[in-house]
Every structure is written in C-alpha cells, then in structure tokens.
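Everything in the sequence shown is counted per the numbering used here, starting at 6 for the first residue and increasing by one. Where a beta carbon is used, it is the ideal one built from N, C-alpha and C, also for glycine. Predicted model only: the values in this text are computed from it and were never measured.
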Amino acid sequence: MKDIVNFLFEVGMLQKTPRTGFQFLGSGCESVAEHILRTIFIGYTLCKLERDIDESRVLKMCLFHDLPEARTGDMNYVNKKYVTVDEGKAVRELTETLFFGKEISSCINEFNEGKTKEARIVRDADQLALILQLKEYGDLGNKYSKEWIAFAIQRLRTEGARETAEQILETDSSDWWFQEKDDWWINGDKGRKDNGGG
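Dropping the structure here:
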C-alpha cells in the first residue's frame, strides 16, 4: 500500500510542475496537471467524433501521457534542442513498484509511438489543448500566439481534430460565457427578478 500512496504523492507533483513553453510566448502559465485535465476532456470529445474507438484506452492515455514529467519536468521545444531526457528510465522507476504499473507504461509507450488510432487521437488532444490555450492568449492580445497555433495545427492527424481546430480559430474564447449580452450584465440577478425572472 505504501507504493500506491507514494504514487499518489508523485501525481501531486504535476500540480506544481509548470509547462515551460509559455516563458517563450511571453504570457500565460499552466501546470502539467492543468494541461492533462483539459487533454482528458478533449480526448473524450474527439472519441465522440470518431468510429470504432476504444474510449477507455484514449482516456487512460490522456491521463498518463505526461505523467513522467512529475520526475523529468516539462521540456519545451527550445529545451529539447539541448537537453535529452531519459523518459524511459522515469517511466520504469515510476511504474516498477506498482501492481498496475504495466498498464501505465503501456499507455505511455502507445502514446509515444503514435501508431494506433487511439494514440493519434490522444496526440491530437494534446495539441488541441495547446491550441485552445494559445487562442485564449491571442484573444487577450498576445501577437505571437497565431504563429504558434500554425505550427500546432500542422501536427494534427485526425479529421475531427482538424475540424475542431478550425472552429477554435473562428470562436472568441469568451463566447461561451459572454454571448448573451443582455440586461444581466447591467442589473445582475436583480434586473431579472424585477422583470419577472427567476
């Protein structure tokens, strides 16, 4: 049981591990844990756009794809030009004491190889998570985000992901909460109650 508890403490490190690429973008920040959460939701959504997909496998890969970064840290594209990370060693040492470790390492290996349809979906979910972040920062005025998005879009492999990316670019990141520009934004709940609303 101690090995399982150690694993759960290690997972907590993902909340404290920053995604380092944003230092080059000049704005924004995100932990690896925050990135994983959004990737899971994107992977789930992409499964709904595809046929004959092992949804459980996709969700597990989304969950585990960046787990080694609890040990290695996040290496952005600039770091990777100069630093080689032994992710294999991190995965081995992370999983060898867990009775379910083979399942975790299998998911990470499948993601890294990118050969299965499920792995391609997860890799696309990973990129779409970045594209969504970049679109948000672009909407807030970061002039470099469009160029970064253009590179990320070229990494997409599935039709569902490419269509999703197109719609992301056409949608203002605040539309989901600010599209009904009505009296609520002037009077709040008081205005609706006065007008017979709930």
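For the alpha helix (DSSP H) holding residue i, just list the boundary residues, first then last.
i: N11; result: K7 to K21
i: D180; result: D180 to F183
Taking residue i as the reference, give the member of the options with the closest Cα.
i: D8; options: L174, K151, L99 and L54; result: L99
i: G93; options: G78, I113 and L103; result: I113
i: G31; options: K53, A155 and L145; result: L145
i: V83; options: F105, S110, G26 and C67; result: G26
i: E115; options: H40, G193 and M66; result: M66
i: T121; options: A170, W182 and T163; result: T163
Under three-state DSSP, which class holds residue i?
i: S36; result: strand
i: E118; result: helix
i: N192; result: helix
i: T25; result: coil
i: F104; result: coil
i: R162; result: coil
i: G203; result: Only weak support exists for where G203 lies, its pLDDT of 49 falling under 50; the coordinates are left without a value.
i: K148; result: coil
i: G93; result: helix
i: T176; result: coil
Do residue j and residue i come within 8 Å of each other at the CB atom, strictly closer than that value?
i: V127; j: V88; result: no
i: E108; j: I58; result: no
i: V37; j: E74; result: yes
i: F12; j: N81; result: no
i: D131; j: H70; result: yes
Worksheet item: Enumerated in chain order, which unbroken segments of the beta strand (DSSP E) with a length of 3 residues or greater are wholly contained in the region 56-84?
Response: none
Worksheet entry | Minimum length 4: unbroken alpha helix (DSSP H) runs contained in the region 118-142 | none
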